[in-house]
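Data block below; observations after.
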Amino acid sequence: KAGVTQTPRYLIKTRGQQVTLSCSPISGHRSVSWYQQTPGQGLQFLFEYFSETQRNKGNFPGRFSGRQFSNSRSEMNVSTLELGDSALYLCASRLGTASTDTQYFGPGTRLTVL
Amino acid sequence: QKEVEQNSGPLSVPEGAIASLNCTYSDRGSQSFFWYRQYSGKSPELIMSIYSNGDKEDGRFTAQLNKASQYVSLLIRDSQPSDSATYLCAPNNRLAFGKGNQVVVIP
Numbered sequence: 099k100a101g102v103t104q105t106p107r108y109l110i111k112t113r114g115q116q117v118t119l120s121c122s123p124i125s126g127h128r129s130v131s132w133y134q135q136t137p138g139q140g141l142q143f144l145f146e147y148f149s150e151t152q153r154n155k156g157n158f159p160g161r162f163s164g165r166q167f168s169n170s171r172s173e174m175n176v177s178t179l180e181l182g183d184s185a186l187y188l189c190a191s192r193l194g195t196a197s198t199d200t201q202y203f204g205p206g207t208r209l210t211v212l
Numbered sequence: 386q387k388e389v390e391q392n393s394g395p396l397s398v399p400e401g402a403i404a405s406l407n408c409t410y411s412d413r414g415s416q417s418f419f420w421y422r423q424y425s426g427k428s429p430e431l432i433m434s435i436y437s438n439g440d441k442e443d444g445r446f447t448a449q450l451n452k453a454s455q456y457v458s459l460l461i462r463d464s465q466p467s468d469s470a471t472y473l474c475a476p477n478n479r480l481a482f483g484k485g486n487q488v489v490v491i492p
């Protein structure tokens, strides 16, 4: 079974631009979560989607948004990029929302904002 | 106080020794915890889950959850160079992760 895939793997943008990242979960998984990872702050939760509905949202500004499609694929968008948005963005999928569901991470998208 | 704290700095252990990692949490509603291992340049992977108070052993790994004291620990026995990585803990809601403990196993 294919793992979680994320595209693109690397991205370089300039301040003020916007970016869209994509995540395809493991087949059959309906829950997708997004995280931002930086050396200083560690792994921080952005949002979680289940069956196209946002279930939880982390403490990030409104410039960060996401959505999930009927096939469970998810996208996140960051508008008006800032230098501090440079990070590794990780997507994780799991079967459902049970606490026992194992969460599998994708390889991440490395975003650099210049 | 952050929801999940992993405060200790990099941990260097000789090969074959025991590495001990700790994680404290503030949400008393957290019922279970997960330990992830993240190699440099890679994404986290689940290595242990613990759902109740007490110890859980899986191979060379032992997780311990103490809900009264609000901490969870991970022991790595017979440490191997391949255990060199950053270890992250997270409660069952996975909305918060600790910053991680870096482990370096010295051959």
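In order, the protein sequences belong to chains A and B.
In terms of our numbering, the first sequence opens at residue 99 and continues consecutively.
In terms of our numbering, the second sequence opens at residue 386 and continues consecutively.
We treat Cβ as the ideally placed atom computed from N, Cα and C, and that holds for glycine.
The region 390–475 of chain B contains, as complete beta strand (DSSP E) runs of 3+ residues, the segments 396–399, 404–410, 418–423, 430–435, 439–443, 446–451, 456–461 (chain order).
Against chain A, the CB of Ser-428/B has a partner CB under 7 angstroms away; the residue lies at that interface. Nearest C-alpha to Arg-413/B among Leu-396/B, Val-389/B, Leu-406/B, Lys-427/B: Val-389/B. Contact of Asn-154/A with chain B by beta-carbon distance below 7 angstroms involves Leu-480. Per DSSP, reduced to three states, the secondary structure at Leu-480/B is coil, with no helix or strand assignment. The beta carbon of Tyr-436/B sits closer than 6 angstroms to those of Ser-417, all from its chain and outside the five residues before and after it, given in chain order.
Closest by C-alpha distance to Ser-170/A, out of Pro-205/A, Leu-109/A, Arg-192/A, is Arg-192/A. In this structure, the alpha-carbon of Arg-422/B lies about 17 angstroms from that of Phe-143/A. Around Ile-432/B, the same chain offers Trp-420, Tyr-421, Arg-422, Phe-446 as residues with beta carbons nearer than 7 angstroms, after the five sequence neighbours per side are excluded. Counting only Cβ-Cβ distances below 9 angstroms, Ser-417/B has contacts in chain A at Ser-197, Thr-198, in chain order. Annotation for Asn-154/A: the continuous beta strand (DSSP E) segment containing it runs 151–155.
Taken atom to atom, the span from the alpha-carbon of Ser-122/A to that of Ser-172/A is near 7 angstroms. With a 10 Å radius around the Cβ and a threshold of 16 neighbouring Cβ atoms, Asp-183/A comes out buried. Residue state for Leu-109/A is assigned as strand, using DSSP reduced to three classes. With contact defined as three or more Cβ pairs closer than 8 angstroms, the region 203–211 of chain A and the region 152–161 of chain A are not in contact.
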